[in-house]
Every structure is written in structure tokens, then in C-alpha cells.
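Here the structure is laid out as C-alpha cells; the discussion comes afterwards.
Protein chains in written order, with our numbering: chain C, 5 to 290; chain U, -2 to 396; chain E, 195 to 464.
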């Protein structure tokens, strides 16, 4: 049973990992904490759910979800980053998150909706462990995204521009980086990940509510900090570790203990090593 | 000085905003119809958790009130009601109660949930206003309250019958219990009622030393299912609300668990039967109502419900559940109290009227309702219990 | 007084206290998105004292506030190292941690919450609110009040000028937490039932909005923001969930158009 619980933890953690990666992109590159990110994921999940319930195919649902999430991310970029003054960005993303969550409640109500996922009997068995199609897909996608993003950030020109922006904004502008373009593209990328995550969340949890993303978002934020800002790889690993810790807490201690380890861990990191395990960005000290 | 002035000004603006905003949005402080009728309050969760059950309850209430008025009202005067949505939140419920009280309603039908009632019963006693709660089946909930009533059988009564049948029919020797630790009624079922009853039936509870728990509304049950799978029980018992039960059963089936499930009254709320599909077939639960009753009154009730419900709500189930019957009977019980006690309905007599209704209900033991007989010494409903199971997309009586 | 009006008035007062708790901390240049955590501490401690130990309600609220203040000091110290987004994350996590602790302890009622509190008299809430406003008011007139503004404007310059920056910052957190603690104690004894999810991240984040909306530099701003926050949902009650959407849009609009809030303008000093 222990090994199965570890597997459960990895699966849950992949959920956190995906969302943490989208958080870390925006925070690392643009030094902005998008507190509406969880709600963007929820949008993806709800839209995908609606399409699947209406009889649409999974690719269609995925496409729609990604489209909606990218659109919402760009909306956030415009209203919450570009227009407001610097230090009010926290507030605007909070407000945006609140708006989105209430829009969902208004349109879909607050009860949970069944998500029609993959229903194939396909499964892989390794000794006593069993992985079904959904779980395999989740793991594959998480791994793929982690690798792809790391490559993007480290090897591509766009990645270089992102890193330049995160290191020193002024120097980046001086050396010809089109800050506006990089910003928009970073947000779009973050939206893409949120869209994929939303669909995955629906498949893994088999149901969605207006609050799904918010819950995942809190923990994903923890993963982001522990993993290290700006590091997709770090966010991924931290997310998975967090998932394992949570599952073990619930499995062996009880449901009340679900979160008791997670947040003190974060506080420890903030105190001792705010740049996280793999962090690259400099952390502003007061 | 200027600062003080601006703070004072701001406070004045704030308070006057308060006042003028309160006028259009506030309820009329006018008392309930004086000579022209009797007014009841309804406080149920029409939005949020429990909304599907609450909508059914509203249909039942509407049916009852319409029928009474069409038959000439009570002593010639019409019955009316005012509804406040509690959203399934105990705080909203307490606000709803206070609001209805301030409008001089004679009694309140509601709240719905145990959590809501826990907060509302003390307030009801404080205000001297009768509440007939509809779905809080936690044992001991209404003990000791003067004005708090509930027209529902308690969980231990239901569990006793249901578990016995389930164990017999499926030949259960070992059971695993999955329990909510957050929702009061689910928690008391899973942690207090089920273990003891299984022990009495000679069934071994495998989760006694290491309980399998979750919190209401959790999205991930993988840890719990894995734990249960490793225990290999003959059956799985749930101390759950219906929404969570749906998820748990679906997850369990997905992980390859084939055991039968059992729960009690909360499982009927929501749509375990309609949305469960293959997964939930054969699940046992119990309630004080079934779709194939013997009494003509109950049969007519079901017919009328099926006629009225679609006109009120598009998405409510065409099969009424016990909540609906509880609510319908509650209205009739209050109406009977009003009639037999000679309640005046005048604004000046609100306090005495409410007490008259309370006195009547406290002694009501032989009411002829759809599924209600009255209240026992703890103000809980006196009912017949049916053991039900899911067959197809309905809850049917187990013979 | 009509039940509906009294309920609204009390909500307004508690919102004022919450807003002021954020205001005080923001005044020193630190943004705390974790005041629901302090409110929770205040609420639970006050609730437990009055139900389990039979302490009078006002005394319980005061004690709850003291407990919250202690947490404020404890949080304020590591907060010195964090700025901007990291402070936000840190304060959010603090609230989440308090919530998770409340969920596991028996004395707090666990996930089912704490109940059985007697109802607090409205007069007491008014007294608390007025006391807090008066205190803050006086505080801002003292030398410490000036120091706080100096720290917010430029902490290095302030340090160079001899201001004890660390003391000021930690003190701000402590004070803010104390005020949030009072709000929590009053809230617990008004609704007579509290549970961990009452102090969610959403609540914490929403507590910040009235201050930004109403005017972050003035006490009056926080009060006005709280008023709008209380009234608007009632005015828009017909719009059900959409009223919060409208409220959110309003906040964003104000922040963009008038970043300092409705009642802006720093105070003039001689």
C-alpha cells in the first residue's frame, strides 16, 4: 500500500507541479505574483467540462480550454499588470481572481460537476501498482512540460530574453529586448499551461467546481517558492514532493492533517532560503 | 482637526449610505398580514450546497400552501410564506432566521442542514420562534430546545434498519468505513453511529484502529481509496454527504473496487441515483419516504409533485425525496396548529401566537401526514423507515 | 432596531476593523495578505475563553486580541526579510497554517468549527471600533506616526535619519494583528459559530481591497472602503453572485484610475 500511496502522491503532485510552473514563469520573469492563476485554471477545467458534456471530443475540449486560459491570462496582463501602478498589482490580481470565481459561480453554480474523462480500460501494471490511462497521461504531460519549458528557458532565444528580463529589467531594455512582447508571450505561455492543467485536473479529480483552481493554487504557490522562482524544473519537483507529503499525511494521519505539514514547510523556506531549491532569480530583501 | 473632521465625515457618509441603501434593499418592516392571513418563514439553501434538495422542499411547501389556500385557507384566512436563501451556510442561516423573525412570521420551515440547525436552534429559542428543520438527522441535535423541531428521523434509527438489511443481503462479515470529518452529520454517522452498529451486528470494522477520513468537498480521494483497497473489506460504509459519496464511489470503481456501498439518509440528497450510473448500482441507504408508498395520500403527493415540480424548476428531479415530504407535512402541521390553537395572526399577538404553535407541535403525536406522524419527546420526527437501494436510476424499496 | 439594519451595521463595523488592520501594516510599507489568520487567532482564542472557561465576552475579545498581537509580532520579525511578492506569499501561507492548525485541534472544534458562543452586545463592538479609530488617530499624531510614514517612503533613508526601522515594522504588524484579533473576537461572538474556512485565503485577500479602494493613506479611507465593501453587496443584492463581480471590477477601475484610493492625498505636515 505504501508504494501505491507514493504513486497517488506523485499524481496529485503533478497537478501542483503544472500550476506551480505557470506561477513561476510569471513571477520569475516579470516579478509579478498572479493571484488569479488558480481561477484561470478553473476556467480551463469548466470550459473543457462543458464541451465534453455537450458531446465534444477531448482534443476539442483541450483546445477550447487552452484558448480560454490564454485569453484570460492576456486579460490579466492588460488590466492587472500593464495599466495599474507597480505596487497595486497584488490587489488587481486579487480582484480579478474574485471576479472570475464569482463569474463561475454565477454561470455554473457552486456544486460539483462531473467531468467526463478518458474512459478506456487501458492500464499498465508494475508489480502491485496499477496506472490507468488518465494517470499515465498526467505523468507524461507533466514530465514533457517540465522538460520542454526548461529547454525553452535555457536554450531558446525567447528563453534568453526571459532570463534577461528577470535578471535586470533596465539592462534588458537597453540591450534590445522587447519587454512588451516578452511580457505578453510569457503570460500567454502561462495561460497555455493553465489550460492544460485545467483539463488534467478535471480528468484526475473526475469532477470540477468553481473552486477547484483556488485550492490547487494555494499549494502550487508553496511548490513554486520551495522549488525556486524561475525554475520550471524546481517547481515541478517541489510540486510532486508536496503531493506525496499531502497524500501520506492524509493516508497515515487522517484528513485533518492534509495541510499541516505543507505551510510550515513553506514558511521555513521563506525564512531560510527564499530563493528555493533551484532558484535562479534574486530575491528582494527588505 | 482636519483629520478628525474627515474621519467623522467619512463615518457619516458611511452610515448614511447604510441608511439609504437599506431602504430599497431592506425588507419591509411591516408586520405580517394583520387581518388578512398567516405568514410563515422558509429558510433553506436554495443556492450552494444542498440546493437540489432545497428546491424540492420549496416545491413541497408551495404545494402545501396552495392546497390549503384553495381549500379556503385556515378559518378563511390565507396562508403565505417568505423565503430566504441560506446558501447552506450556518451564518447565512442565522441571518435568515433573524430576518424572518423581524418580519413577524409565525413559524419557520427550515433550516435544512445539521450545521445550520446547530446555530439556528439556540437563536430560535432566544427569539421564541418555532423552526421545523428538514434534513438534520444527527442524533441528539434537537434535544433540550424549546422551539427547535425537526421533521426527520434520526440517523441512528435509520442506520439500525438499513445496516441490518445490507449486512444480510450482501453477507457482509468485514466492513471499512470512510468518514467525513467536517460535515457534522456525516462525521457523527461515520465515527459514532456506524462502528457501534456494525459491532452489534457482529461485523468486523477493519478501519477502527486507523480511520479512513476526508473533508467535505475534497477533490482527491486516492489516499483513502488505496487504504481501503489494502484492507479488502466485504463492503464499504460511508459517513458522507451525497456529493462526496458520488465522487468516492466513482473513484473506488475506477481503482477497481467492486464492493457494495451503504450509507444513511444524507446519501439520498443530490443525485447519487441519477448520476451514479453503473458505479452506484446496489448501494443501500434509508429514509422515511419511498416512491411506492401504500397510503393514498402519499401517492397523490407524488403525483402532484410530478405535476408541479417541472413548472417551478427546470432541473429538479421528477422523483420527490423525503425532504420534500418533510417540508410538505411541516406546513400542514403548522397549519393544523394555527387552526386548533386559534392563532390570531395579528401583529400584536405575534409572541403568543408563536408560543401557541410551539405548544401544539410539542404535543403532536398522531399527525396524519404523507410521511410524518408528529414529534417525539426530543422534538425529532416520528416516522416509518424504508430501506432503499439504487436500481437503475432510482431509489427503490428493498423487500 | 430592526434586525436587518443591526446586522448590516455590525458587518460594517467588523469590516472597518479588518480594513484598519490591513491599513496599519500597509502604512509601514508592508503589504499583509494574511490578516484573516490574525482574525482567526483572535476569534478562536476569544471563543474558547468565553465558552470553555466562562470568561466574559469583552474580556475574551481583548484576550483574543492580545494573542493575535503576539502572532503579529512573531510574523513581523521574519517578515522583515521579505518584500513585495514574497511577503504576500508569506502572509498567505501564515493564514493557511493557522487554518490547518485550527482543523486538527480538538479545542477549536476541528474541521467542524467552534460554536456555543453567547452573542456580543452591539454596543461593545461599537466601543471597540471607536477605541481603535481613536487610538490610531492619536498614534498618527505622535512621533511614531511620522516614523512609520518615513519607513514606508524610504526605509534606508529613514534608518540613516535615526528611525528604528525594525521596531516600527514589527510594531506595525503587531498593531495590525491586534486590531484583526478584535475583529475576529467580535465576529466569533456575533455569528456565534466559526470554522476554519471562515478565514480562507479569499477572506484575507478581500480584506486588503477596502483599504486600497478607499484610500490607503488615511484612516478615513479605510473606513470609507469598508463602508463601500459592506453596502455595495446589499445594494446589488438582486444581482446575487454578480454583485461581487461588479465589486471586483470597481476595485480594478479605481486602482487604475486613482491608485491611492478614493480618499487620497497624504497628510500635510508642517
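Yeah, the Cβ is synthetic: ideal placement off N, Cα and C, and Gly gets one too.
Under 8 Å between C-beta atoms of residue i and residue j
i             : j             : result
residue 50/C  : residue 97/C  : no
residue 151/U : residue 113/U : no
residue 342/U : residue 35/U  : yes
residue 40/U  : residue 94/U  : yes
residue 136/C : residue 251/U : yes
residue 236/E : residue 259/E : yes
residue 129/U : residue 159/U : no
residue 381/E : residue 233/E : yes
residue 48/C  : residue 247/C : no
residue 215/E : residue 366/E : no
residue 78/U  : residue 62/U  : yes
Among the options, nearest to residue i - alpha-carbon criterion
i             : options                       : result
residue 59/U  : 80/U, 157/U and 297/U         : 80/U
residue 230/U : 215/U, 164/U, 382/U and 159/U : 164/U
residue 404/E : 294/E, 263/E, 425/E and 326/E : 425/E
residue 2/C   : 179/C, 10/C and 32/C          : The structure shown does not extend to residue 2/C, since chain C is modelled only from 5 through 290, so no value can be given for it.
residue 457/E : 400/E, 428/E, 437/E and 416/E : 416/E
residue 118/C : 54/C, 251/C and 246/C         : 54/C
residue 178/U : 227/E, 408/E, 199/E and 300/E : 300/E
residue 225/U : 207/U, 187/U, 125/U and 160/U : 207/U
residue 266/U : 297/U, 74/U, 109/U and 153/U  : 109/U
residue 281/E : 229/C, 197/C, 69/C and 21/C   : 229/C
residue 49/U  : 284/U, 312/U and 71/U         : 312/U
residue 241/E : 323/E, 341/E and 309/E        : 309/E
residue 187/U : 306/U, 168/U, 209/U and 197/U : 209/U
residue 212/E : 421/E, 447/E, 453/E and 436/E : 421/E
residue 240/C : 19/C, 249/C and 7/C           : 19/C
Backbone secondary structure at residue i - three-state DSSP
i             : result
residue 206/U : coil
residue 279/C : coil
residue 234/U : strand
residue 25/U  : Note that residue 25/U has pLDDT 39, beneath the 50 cutoff, so the model's placement of it is unreliable and the number below is only indicative. Three-state result, residue 25/U: coil.
residue 21/C  : helix
residue 180/U : coil
residue 171/U : strand
residue 348/U : helix
residue 298/U : helix
residue 463/E : Low local confidence applies: a pLDDT of 47 at residue 463/E is under 50, so the model's placement there is unreliable, with the coordinate-based value given in what follows. Reduced to three states, the DSSP call for residue 463/E is coil.
residue 255/U : coil
residue 176/C : helix
residue 162/C : helix
residue 40/C  : coil
residue 283/U : strand
residue 146/U : strand
residue 135/C : strand
residue 55/C  : helix
residue 222/U : helix
residue 457/E : coil
residue 89/U  : helix
Contacts of residue i in chain U (Cβ-Cβ under 9 Å)
i             : result
residue 452/E : Under the 9 Å cutoff, chain U gives no residues; its nearest Cβ is about 16 Å from residue 452/E.
residue 201/E : 92, 95 and 96
DSSP bridge partner residues for residue i (one or two, in chain order)
i             : result
residue 40/U  : 81/U
residue 372/U : 378/U
residue 105/U : 38/U and 128/U
residue 27/C  : DSSP output for residue 27/C lists no bridge partner at all.
residue 392/U : 387/U
residue 118/C : 211/C
residue 387/E : 309/E
residue 2/C   : Limits of chain C in this structure are 5 at one end and 290 at the other, which puts residue 2/C out of reach.
Chain U residues whose Cβ lies nearer than 7 Å to that of residue i
i             : result
residue 209/C : 216 and 217
residue 165/C : Under the 7 Å cutoff, chain U gives no residues; its nearest Cβ is about 37 Å from residue 165/C.
Chain C contact residues for residue i, given Cβ-Cβ distances below 9 Å
i             : result
residue 272/U : 118
Chain-ordered chain E contacts of residue i [CB-CB under 7 Å]
i             : result
residue 96/C  : 446 and 449
residue 267/C : 287, 290, 291 and 294
Beta-carbon neighbours of residue i, restricted to chain U and to distances below 8 Å
i             : result
residue 221/E : Within 8 Å Cβ-Cβ: nothing; residue 221/E doesn't reach chain U, min ~14 Å.
Any chain B beta carbon closer than 8 Å to residue i
i             : result
residue 238/C : Here chain B cannot be found, since the structure's protein chains are C, U and E.
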